[in-house]
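Novice:
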Amino acid sequence: MGEQMLLLVEDNPSDEELTLRALTKQKILNDVVVVRDGVEALEFLFGEGKYEDRDLSRQPDVILLDLKLPRLGGLEVLQRIRADERTKFLPVVVLTSSSQEEDIISSYRLGANSYVRKPVKFADFTEAVRQLGVYWLLINEPLQR
Amino acid sequence: MKRRTSAFKVGLLAGVLYLAASVGWILYSDHLARTAVGDVMALSIVQTWKGLAFVTLSAMLFGALVWWYERRQWRDALNLRQVLRRDQTARRMARELIDEAEERFQQFLDNSPLLAWMTDYDQQVIWASRGLRFATRSRGEPVGQALESVFGADGARVLWNHTPAVMDDDRSMVSIETLTLSDPDEAQYVVHRFPVGDGIGFVALDVSGEVRADLYMRHATTADLTEQLRAELDAFVYAISHDLRAPLRSLTGFTGALVEEYHANFDADGKRYLERIRDAAEMMGAQVDGLLELSRVNRAEMDPAEFDVAECVRTEVRRLSRGGPAREVTLDVPERLVVIGDPQLLRQAFRHLVDNALKFTAHRKVARIGLSGAEDGGRVTVTLTDNGAGFDMIYAHKLFTPFQRLHGIDEFPGVGIGLVVVQRIIQRHGGTVRLESRLGEGTAVSVTMGAKGYG
Chain A
15 MGEQMLLLVE DNPSDEELTL RALTKQKILN DVVVVRDGVE ALEFLFGEGK
65 YEDRDLSRQP DVILLDLKLP RLGGLEVLQR IRADERTKFL PVVVLTSSSQ
115 EEDIISSYRL GANSYVRKPV KFADFTEAVR QLGVYWLLIN EPLQR
Chain B
6 MKRRTSAFKV GLLAGVLYLA ASVGWILYSD HLARTAVGDV MALSIVQTWK
56 GLAFVTLSAM LFGALVWWYE RRQWRDALNL RQVLRRDQTA RRMARELIDE
106 AEERFQQFLD NSPLLAWMTD YDQQVIWASR GLRFATRSRG EPVGQALESV
156 FGADGARVLW NHTPAVMDDD RSMVSIETLT LSDPDEAQYV VHRFPVGDGI
206 GFVALDVSGE VRADLYMRHA TTADLTEQLR AELDAFVYAI SHDLRAPLRS
256 LTGFTGALVE EYHANFDADG KRYLERIRDA AEMMGAQVDG LLELSRVNRA
306 EMDPAEFDVA ECVRTEVRRL SRGGPAREVT LDVPERLVVI GDPQLLRQAF
356 RHLVDNALKF TAHRKVARIG LSGAEDGGRV TVTLTDNGAG FDMIYAHKLF
406 TPFQRLHGID EFPGVGIGLV VVQRIIQRHG GTVRLESRLG EGTAVSVTMG
456 AKGYG
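Chains A and B supply the protein sequences, listed in that same order. For the first sequence, the positions run 15 to 159 when the working numbering is used. For the second sequence, the positions run 6 to 460 when the working numbering is used.
1) When the distance is taken between beta carbons, is A262 of chain B closer than 9 angstroms to F136 of chain A?
2) Rounded to the nearest angstrom, what separates H149 of chain B and P169 of chain B at their Cα positions?
3) Under 8 angstroms Cβ to Cβ from T257 of chain B, same chain only, skipping five residues before and after it: list those, please.
4) Go through its chain and collect everything with a Cβ distance to L363 of chain B's Cβ below 6 angstroms, but skip five positions before and after it.
5) Listed from N- to C-terminal order along the chain, which residues in the segment 254 to 288 of chain B have their beta-carbon within a distance smaller than 8 angstroms of any beta-carbon of chain A?
6) Taking the alpha-carbon of D397 of chain B as reference, which of B:V385, B:L389, B:H412 and B:M178 has the nearest alpha-carbon?
7) Expressed to the nearest angstrom, what Euclidean distance is found between the alpha-carbon atoms of S120 of chain A and L89 of chain A?
8) Under the assumption that R198 of chain B contacts V171 of chain B (Cβ atoms under 8 angstroms), give the Cβ distance between them as a whole number of angstroms.
9) Cβ of P133 of chain A less than 9 angstroms from any chain B Cβ?
10) Determine the DSSP secondary structure at L22 of chain A, reduced to helix, strand or coil.
11) Between which two residues does the beta strand (DSSP E) harbouring N45 of chain A extend?
12) Cutting at 8 angstroms between CB atoms, please list the residues of its own chain near T61 of chain B, excluding the five before and the five after it.
13) Roughly how many angstroms lie between the CA atoms of V51 of chain B and H36 of chain B, to the nearest whole one?
14) Residues of chain A with a CB under 7 angstroms from the CB of G447 of chain B: which are they?
15) Could you work out which residue in A:V76, A:R100 and A:E99 is closest to V108 of chain A when comparing CA atoms only?
16) Would you please verify whether the beta carbon of D29 of chain A is less than 9 angstroms from any beta carbon of chain B?
17) From the DSSP output, in three-state form, read off E1 of chain B for me.
18) Need the endpoints of the alpha helix (DSSP H) that E311 of chain B sits in, please.
19) Determine whether the Cβ of D190 of chain B lies closer than 9 angstroms to any Cβ atom of chain A.
20) Would DSSP call Q112 of chain B helix, strand or coil?
21) Report the residue ranges of all beta strand (DSSP E) runs contained in full by the segment 78 to 156 of chain A; include only those spanning at least 3 residues, in chain order.
22) Measuring CA to CA, which of A:E99, A:P74, A:F60 and A:P84 is closest to D25 of chain A?
23) Thinking C-beta only, is H247 of chain B closer than 9 angstroms to G346 of chain B?
24) Would you decide whether G460 of chain B is buried or exposed? Buried here means 16 or more other CB atoms lie within 10 Å of its CB.
25) Answer with buried or exposed for W122 of chain B, where buried requires no fewer than 16 other C-beta atoms within 10 angstroms of its C-beta.
26) Based on the DSSP secondary-structure assignment, which residues constitute the bridge partners of H357 of chain B?
27) Using a Cβ-Cβ distance cut-off of 9 angstroms, determine whether L297 of chain B contacts chain A.
28) Can you find a C-beta in chain B that's less than 9 angstroms from the C-beta of T38 of chain A?
29) Select from B:S187, B:R410, B:V314 and B:A315 the residue whose C-alpha is nearest the C-alpha of Q292 of chain B.
30) Given that a residue counts as buried once 16 or more other Cβ atoms are within 10 Å of its Cβ, and exposed if not, what is R80 of chain B?
31) Given this structure, state the Cα-to-Cα distance separating V195 of chain B from L186 of chain B, to the nearest angstrom.
32) Buried or exposed: where does G445 of chain B fall if 16 or more other Cβ atoms within 10 Å of its Cβ makes it buried?
33) Going by other Cβ atoms of all chains shown within 10 Å of its Cβ, with 16 needed for buried, is P147 of chain B buried or exposed?
34) Rank B:F156, B:E266, B:F110 and B:A106 by C-alpha distance to the C-alpha of Q129 of chain B and give the top, closest one.
35) Step through the CB atoms of chain A and report whether any lies within less than 9 angstroms of the CB of G421 of chain B.
36) Checking contacts by CB at 9 angstroms: is S121 of chain A closer than that to chain B?
Encoded structure:
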């Protein structure tokens, strides 16, 4: 259980903290990496920039990806993930405020594994994040490489 | 004048010559007779014959003169008659040409949509085209009447309005006026006024159709603009609502965290305040979601198909009662009730209606929900009834305003957007929503829309 890793791509500090809080409360979380924008997310995944020394053999078990991000947007990040051999089978869950149909369609077309709209209600939000953690980290069987 | 002078001179000359001849004859003939005849007795006989001869000669001369004069008179008279006859033929031909032209003009005028008439300077109609006569037939023959009797006081006023200028400047004047030629059909006319001889000519052309077309065009443009503004407003509402969700999440999230984790640090009032903040933020979140739903409904593409309201109501009742507490619900829904519309939007509308029906019957031991349909002249009315709490009809209109609620939030939960969404969806289908309710007895929501596929 100790090896699970989750990558949270989130620019809003409040959402980041609330997400982390919901994840830690369930004690299902071992390793969470938080990046604040799309560029940083790609650097982490491909071991570039400040993540140069990262061990690329260990990739996250799930990526929680916001769509509205500074520099590089979530949809572009998703596209790059799917385009690269090293990351194309990584589970990506789009976790966003948007409920615009175009965003949902684009996300699935670019290969998102799931699309979750952040609920405003505290209990709903906590529950949504908890279920995501449980499913993607404990239940889902990722491709081992 | 000259002619008469010469005739007088000729007459005078003839008179003088006759007088001179007569005087000469009288003087010399008597003298000659006396010389030739010595006997007094014979002389008197000669004198008698001489007198007779004179008178005879004079009579002959006079007769010749009269004959000559008369002959000339007759000749002239004959000539004149001939001339007259020729003249008449020419006139007849001219008349025929004029008649023909006039008839053509008359036909032209009768068949054209133009109304034409003429008045004298005292506003008295002195001529009117058949078109005008027909149009104003309910008011009698226009010729001989005042403008006011033919066109009414207002009509006469606007018609005569510019006429003094026409008379003064000898030019035509045109304007668009509203005239009532036969009650109560008023119409817009382009009216020309122009001087004709010793009066004013009027020509009027009904342009109501064109005016209507113009108004319609303007209206259509306004409608386009309204639609455009609405689309922009929807986009704005969407963006704002969307952006509000993030800070609201922080508010609910952190107050939630406070309530959960620092519970012990607050006294009863502090806990209550925290819960108030959290509830308010969550309410606001629900309202924002309601606005988002409304703006989505406004912008959604519509794809009409057959939609079975009965099946939808059964499914939604089943779905919505699943999460809630177990309770008895009696459904009175027909086998099939098909309308034509966008299935997704209609499902959304009836989900709200079923949700309301279940919500407001929560306090009943047995909730009764009924569905019925009726068709009238190509329009179908679908009515959903419940035996719920109901409301006072004087507040009915408020329910179609976002966030208007008629019950306390702790009595029946909700943000007050459902019926607004329902109304908007039905309006987009060209229909209407009507509410009938009795406080404490129940509510009936009737949706009327044009649908051929009922049955």
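Glycine is no exception: its CB is placed at the ideal position from the N, C-alpha and C atoms.
Specialist: Result, derived from the coordinates:
1) yes
2) Here the sequence assigns Gly to residue 149 of chain B, which means His is not the residue at that position. Going from the Cα of G149 of chain B to the Cα of P169 of chain B covers about 21 angstroms.
3) R283, A286, E287 and G290
4) L325
5) R254, S255, T257, G258, F259, T260, G261, A262, R283, A286 and E287
6) B:H412
7) 7 angstroms
8) 5 angstroms
9) yes
10) strand
11) Correcting the residue identity first, residue 45 of chain A is Asp in this sequence and not Asn. First-last of the beta strand (DSSP E) with D45 of chain A: D45 to V49.
12) none
13) 12 angstroms
14) Here the premise fails: no neighbours, minimum Cβ distance about 31 angstroms.
15) A:V76
16) yes
17) For residue 1 of chain B there is no data in the structure shown, the boundaries of chain B being 6 and 460.
18) No alpha helix (DSSP H) holds E311 of chain B; the beta strand (DSSP E) holding it covers A310 to D313.
19) no
20) helix
21) 106 to 110 and 128 to 131
22) A:P84
23) no
24) A caution first: G460 of chain B carries a pLDDT of 35, below 50, which makes its placement in the model too unreliable to give a value.
25) buried
26) Beta-bridge pairing links H357 of chain B to no other residue.
27) yes
28) no
29) B:R410
30) exposed
31) 14 angstroms
32) exposed
33) Classified as buried, P147 of chain B has 16 or more neighbouring CB atoms from the shown chains inside 10 Å of its CB.
34) Nearest of B:F156, B:E266, B:F110 and B:A106 to Q129 of chain B, Cα basis: B:F156.
35) no
36) no
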